[in-house]
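So the protein lines, in turn, are chains Y and C. FYI, our numbering numbers position 284 of the first sequence as 284, with every residue one higher than the one before it. To convert, take the position in the second sequence, counting from 1, and add 1000; that gives our numbering.
Protein chains: 2
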Amino acid sequence: VQAEIITIGDEILIGQVADTNSAWLAQRLGRQGIRVGRMVSVGDTQEAIVQAIGEASRRAGLVILTGGLGPTHDDITRDALCAYFDTPCVFDPEAYRMIEEKFRRRGMEPGPFNRRQAELPASCKPLYNRLGTAPGMWFEENGVVYVSLPGVPHEMKALVEEQVLPALRGKADLPAVCQRTVLTAGLGESVLAEKVEAWRRSLPEGVGLAFLPSPGIVRMRLTALHDDPALTQAIDAAIEALQPVVGTYIYGYDDETLESAVGKLLRQRKSTVAVAESCTGGFLSHLLTTVPGSSDYFLGSVVAYDNSIKTNVLGVPAETVEAHGAVSEAVALAMAAGVRKLFKARHALATTGIAGPGGATPGKPVGTVWVAGDSEEGAFARRLDLSEHRLYNIRASSMYALNRLRMALQAGGNG
Amino acid sequence: VQAEIITIGDEILIGQVADTNSAWLAQRLGRQGIRVGRMVSVGDTQEAIVQAIGEASRRAGLVILTGGLGPTHDDITRDALCAYFDTPCVFDPEAYRMIEEKFRRRGMEPGPFNRRQAELPASCKPLYNRLGTAPGMWFEENGVVYVSLPGVPHEMKALVEEQVLPALRGKADLPAVCQRTVLTAGLGESVLAEKVEAWRRSLPEGVGLAFLPSPGIVRMRLTALHDDPALTQAIDAAIEALQPVVGTYIYGYDDETLESAVGKLLRQRKSTVAVAESCTGGFLSHLLTTVPGSSDYFLGSVVAYDNSIKTNVLGVPAETVEAHGAVSEAVALAMAAGVRKLFKARHALATTGIAGPGGATPGKPVGTVWVAGDSEEGAFARRLDLSEHRLYNIRASSMYALNRLRMALQAGGNG
Chain Y
1 VQAEIITIGD
11 EILIGQVADT
21 NSAWLAQRLG
31 RQGIRVGRMV
41 SVGDTQEAIV
51 QAIGEASRRA
61 GLVILTGGLG
71 PTHDDITRDA
81 LCAYFDTPCV
91 FDPEAYRMIE
101 EKFRRRGMEP
111 GPFNRRQAEL
121 PASCKPLYNR
131 LGTAPGMWFE
141 ENGVVYVSLP
151 GVPHEMKALV
161 EEQVLPALRG
171 KADLPAVCQR
181 TVLTAGLGES
191 VLAEKVEAWR
201 RSLPEGVGLA
211 FLPSPGIVRM
221 RLTALHDDPA
231 LTQAIDAAIE
241 ALQPVVGTYI
251 YGYDDETLES
261 AVGKLLRQRK
271 STVAVAESCT
281 GGFLSHLLTT
291 VPGSSDYFLG
301 SVVAYDNSIK
311 TNVLGVPAET
321 VEAHGAVSEA
331 VALAMAAGVR
341 KLFKARHALA
351 TTGIAGPGGA
361 TPGKPVGTVW
371 VAGDSEEGAF
381 ARRLDLSEHR
391 LYNIRASSMY
401 ALNRLRMALQ
411 AGGNG
Chain C
1001 VQAEIITIGD
1011 EILIGQVADT
1021 NSAWLAQRLG
1031 RQGIRVGRMV
1041 SVGDTQEAIV
1051 QAIGEASRRA
1061 GLVILTGGLG
1071 PTHDDITRDA
1081 LCAYFDTPCV
1091 FDPEAYRMIE
1101 EKFRRRGMEP
1111 GPFNRRQAEL
1121 PASCKPLYNR
1131 LGTAPGMWFE
1141 ENGVVYVSLP
1151 GVPHEMKALV
1161 EEQVLPALRG
1171 KADLPAVCQR
1181 TVLTAGLGES
1191 VLAEKVEAWR
1201 RSLPEGVGLA
1211 FLPSPGIVRM
1221 RLTALHDDPA
1231 LTQAIDAAIE
1241 ALQPVVGTYI
1251 YGYDDETLES
1261 AVGKLLRQRK
1271 STVAVAESCT
1281 GGFLSHLLTT
1291 VPGSSDYFLG
1301 SVVAYDNSIK
1311 TNVLGVPAET
1321 VEAHGAVSEA
1331 VALAMAAGVR
1341 KLFKARHALA
1351 TTGIAGPGGA
1361 TPGKPVGTVW
1371 VAGDSEEGAF
1381 ARRLDLSEHR
1391 LYNIRASSMY
1401 ALNRLRMALQ
1411 AGGNG
């Protein structure tokens, strides 16, 4: 079964809100073995909605619409569906009873706009909405299933989980699609692609591979598009076979994040970390603290943006800054050692660099960053030559620092 | 001119990432008077891409594609465009020179996959990409403009701002749609809506108002949908009339951010700020340092996640933590005073709270946050009762702290 998703609403087309319902639906359908072939967003006009439904029905066996079911004049999905299926609108007493009940609980009476929400296309099966006033609708015609759902995310999700997916399961033997994502850090997309090229060529027929880069990390997604249990095993075997090729760069699988992978290692080893940040300006600390429970291992950090903080708080010798400049190996190492001592941490990370757009000096263009680490086992420092883009540089150097800590923890064992 | 946006990538269709590029593009095009009529997401297959381009070109004068321009085998947008326009791929020396330059700066050589990125359709005008290795492409055929852009958001945005919009402006007399956004912080959406209700009723016919809330801020967008110079003046007058109603809550207009508004005030007053963060974990510092040039006024911060850092580094008396708990008015005030003294700053901000999901204690549920400030002119502290959501709490308390500093700077004058 292939599905298409149609999102309805002017607010999407003017960019006021990004469509996040479609991504949720695609994930949820994918886990049931239903692949989404296309997503479309159209505005609040009957012509556009009817045209989009017609196009989708020629390609897909399942067409899901979200949005345009509210009580106001610009909500016209219901009328467009009546036009598309050439069916009249009829008052549904059960839908109205549920709307009345919701209003009565708040001590209110439904208005005429809400009565309109209880008028449904005669040919649909209503999907009564426990959480809101707009019922969903289910149509079948020429072997195609059409489902219309409210755009309010929690109402849409409840209808999908409680009514749409169970009904779809009853309709067809859905295949079990297998999808795994291998998460890597430390290699750029093209270097990684070259390293795994021979491995990729050995992937069995029917297993697809995609590279998904973002600053500092590259995800490799393996998908078996056909319903064959042997492919699931083949994907597991392929992931196993990847270990000797790029294993040290793999920080996790599927929904893991680099910051939570680092957190797990620190917690396992009952270890602690402190951070000294200059060019990353607090972002590295923020990444570490997005993880619930990070107070178990993250002690804190000093954001030493001004050079006086590097010397007065972190104890970087003024002569070192003078001799090498603030963006230098020596200063990065001294920052890491300084914060480790000050915070009594097992591990420390430090960043100093030119995030841009200003601040470049001869030999140190925008994007020059030194990342350093310090622990009882030793220290490291590495120069990165990143981009012209401030936020990319902040993010990529933070991810680099996290990944170096991950690799040290994984190699060192006792942390 | 009506535009359609086509987003390319399996990762969108399986719901791994939500498409946020399209919303940004729609906003940016809307400000130029270009309306988006449809957004479509298709997967990494030539058939789907070619079909989507064909459909869009029958309805729209401008077709924008994003994604599928990376160096790996699953990036096939370029080949699909060659097929659609029936044009061969030719090696572009200038594109390759720019790719080489990016690699050389990192002391690396481009690989064969990158060489492939410099092969472009013969009939396109290349849009050279300052920030990445994939050039964009511009085609014209039968009065329709087609623009293909990389999916990496910052590369896509830079190409649009620097090359696509200027070229579109040269092509057509685009209508001057007037849109202004009034940016507020410090009032919730419903309180703000009530305060401005009388003002809203006085808005002239043809001017629309929308409230756009996000953590800690509410934007009010005024739009004149018709191309009438009188409406532009009417919007300016309406914005003026808003000052006596909610002026102190307005931190800027249009693309301003709260962090850059605070930065401008600090720079104007030649003042400085330091930060002590507990529950915000570095995010408040990150916000301040997203602004280029923030080293002029931001000295740095201490992220005191562990209580030992609050006492040992910031000098919060251990008895204060003992008596009131780490999440308390007294500790927030002592953190602000401590970091101001340590960093010799004119202004200091501090946060301490329970971001969640763990950490709640009797009387202090998840979402309890104390925000404090300290300066020569005096100190303040305020308890916030936020939500169950960790990242919302981190963001909303950071925005609250920034806005308090903004209001103090604006009221105080000399900073």
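Every residue gets a Cβ at the ideal spot worked out from N, C-alpha and C, and that includes glycine.
Applying a beta-carbon distance threshold of less than 9 Å, which residues of chain Y neighbour Met-1039 (chain C)?
The answer, in chain order, is Thr-7, Ile-12, Leu-13, Asp-19, Met-39, Val-40, Ser-41 and Val-42.
Let me know if Phe-1343 (chain C) comes out buried or exposed under the rule of 16 or more other beta-carbons within 10 Å of its beta-carbon.
Buried, by the Cβ-count rule.
Local conformation of Lys-1125 (chain C) per DSSP, three classes
In this structure, Lys-1125 (chain C) counts as strand in the three-state DSSP scheme.
Can at least three beta-carbon pairs, one atom from the segment 1016 to 1032 of chain C and one from the segment 1107 to 1122 of chain C, be found at a separation below 8 Å?
Taking 8 Å as the limit for Cβ pairs, the verdict is that the segment 1107 to 1122 of chain C does not touch the segment 1016 to 1032 of chain C.
Give me the subset of the segment 68 to 79 of chain Y whose CB atoms are less than 7 Å from a CB atom of chain C, sorted by chain position.
Answer set for the segment 68 to 79 of chain Y: empty.
In whole angstroms, what separates the C-alpha of Gly-263 (chain Y) from that of Val-313 (chain Y)?
The alpha-carbon atoms of Gly-263 (chain Y) and Val-313 (chain Y) are separated by roughly 26 Å.
Tell me, please, whether the CB atom of Gly-1415 (chain C) is closer than 9 Å to any CB atom in chain Y?
For Gly-1415 (chain C), the pLDDT reaches just 41, beneath the cut-off of 50, and the residue's location in the model is therefore unreliable, although a value from the coordinates is still provided. No, its Cβ sits nowhere closer than 9 Å to a Cβ of chain Y.
Is Glu-100 (chain Y) close to chain C? Criterion is C-beta to C-beta, closer than 9 Å.
No, Glu-100 (chain Y) does not count as interfacial toward chain C.
Mapping DSSP to helix, strand and coil, what is His-1347 (chain C)?
Assigned with DSSP and collapsed to three states, His-1347 (chain C) falls in strand.
Compile a chain-ordered list of the residues in the segment 1389 to 1401 of chain C whose CB is closer than 9 Å to at least one CB of chain Y.
Answer set for the segment 1389 to 1401 of chain C: Arg-1390, Leu-1391 and Ile-1394.
Could you please tell me which residues of the segment 309 to 341 of chain Y, in chain order, have their CB closer than 7 Å to any CB of chain C?
For the segment 309 to 341 of chain Y, the residues whose beta carbon sits under 7 Å from a beta carbon of chain C are, in order, Ile-309 and Val-313.
Applying a beta-carbon distance threshold of less than 8 Å, which residues of chain C neighbour Leu-203 (chain Y)?
Simply none; closest approach about 11 Å.
Identify every run of the alpha helix (DSSP H) within the segment 164 to 241 of chain Y, keeping only runs that are complete inside it and at least 4 residues long; order them along the chain.
Whole alpha helix (DSSP H) segments, 4+ residues: 165 to 171, 189 to 195 and 197 to 201.
Taking only beta-carbon atoms, is Gln-179 (chain Y) less than 9 Å away from chain C?
In terms of beta-carbon proximity, Gln-179 (chain Y) lines the interface with chain C, with at least one pair separated by less than 9 Å.
Helix, strand or coil at Ala-1326 (chain C) [DSSP, three-state]
In the three-state reduction of the DSSP assignment, Ala-1326 (chain C) falls in the coil class, being assigned neither a helical nor a strand state.
Compare the C-beta of Ser-1057 (chain C) with all C-beta atoms of chain Y and state if any pair is closer than 9 Å.
False, the Cβ-Cβ gap to chain Y never drops below 9 Å.
Quickly, what does DSSP pair Arg-1382 (chain C) with across the bridge? List them, please.
According to DSSP, Arg-1382 (chain C) bridges with C:Val-1371.
Closest by CA to Arg-382 (chain Y), which one among Y:Glu-388, Y:His-389 and Y:Asn-403?
Ranking the options by Cα distance to Arg-382 (chain Y), first place goes to Y:Asn-403.
Just grab the DSSP bridge partners of Phe-1298 (chain C) for me.
DSSP, once it has assigned bridges, lists C:Val-1273 as partnering Phe-1298 (chain C).
Segment contact, 8 Å Cβ cut-off, at least three pairs: the segment 1389 to 1405 of chain C with the segment 1245 to 1263 of chain C
Touching, per the Cβ criterion.
Please report the straight-line C-alpha distance between Thr-1232 (chain C) and Val-1303 (chain C), rounded to a whole angstrom.
Their backbone Cα atoms lie some 46 Å apart in a straight line.
Shorter than 9 Å from the beta carbon of Pro-362 (chain Y) to some beta carbon of chain C?
No, its Cβ sits nowhere closer than 9 Å to a Cβ of chain C.
Residues near Ala-1360 (chain C) in its chain [Cβ-Cβ closer than 7 Å; skip 5 each side]:
Cβ neighbours of Ala-1360 (chain C) within its own chain (closer than 7 Å, five residues either side excluded): Ile-1354 and Val-1366.
Identified DSSP bridge partners for Val-63 (chain Y):
Y:Glu-4 and Y:Tyr-146.
Apart from the five residues on each side of it in sequence, which residues of its chain come closer than 8 Å, Cβ to Cβ, to Ala-1241 (chain C)?
Here the set comprises Trp-1199 and Ser-1202.
Give me the DSSP bridge partner(s) of Cys-89 (chain Y).
Y:Pro-121, per the DSSP bridge assignment.
Contact with chain C by Tyr-84 (chain Y), beta-carbon distance below 9 Å
Under the Cβ criterion of 9 Å, Tyr-84 (chain Y) is not counted among the residues facing chain C.
For Thr-1290 (chain C), return the contacting residues in chain Y, with the cut-off set at a CB-CB distance below 7 Å.
Leu-391, listed in chain order.
Return the CA-CA distance between Gly-1415 (chain C) and Arg-1340 (chain C), expressed in angstroms with no decimal places.
Reliability of the predicted coordinates at Gly-1415 (chain C) is poor, the pLDDT of 41 falling under 50, and no value is obtained from them.
Taking C-beta pairs closer than 7 Å, name the residues in chain C that Ser-285 (chain Y) reaches, listed in chain order.
Correct list: Gly-1281, Gly-1282 and Val-1303.
By Cβ distance, which residues of its chain are closer than 8 Å to Leu-1333 (chain C), with the 5 residues on each side in sequence left out?
Excluding sequence neighbours, Leu-1333 (chain C) sits near Ala-1350, Ala-1372, Asp-1374, Ala-1379 and Ala-1381.
Here's a check: name, in chain order, each residue in its chain whose Cβ is nearer than 8 Å to the Cβ of Val-1207 (chain C), leaving out the five neighbours to either side.
Leu-1222, Thr-1223, Ala-1224, Leu-1231, Ala-1234, Ile-1235 and Ala-1238, listed in sequence order.
Classify Thr-1352 (chain C) as helix, strand or coil using the three-state DSSP reduction.
Thr-1352 (chain C) falls in the strand class under three-state DSSP.
For Glu-277 (chain Y), count neighbouring Cβ atoms within 10 angstroms of its own Cβ and tell me buried if that reaches 16, exposed if not.
Taking all protein chains in view, the Cβ of Glu-277 (chain Y) is crowded by 16 or more other Cβ atoms within 10 Å, so the residue is classified as buried.
CB contact below 9 Å: Trp-199 (chain Y) versus chain C
Answer no: the Cβ-Cβ gap between Trp-199 (chain Y) and chain C never drops below 9 Å.
Interface residues of the segment 1112 to 1145 of chain C facing chain Y [CB-CB below 7 Å]
Residues Phe-1113, Asn-1114, Arg-1130 and Leu-1131.
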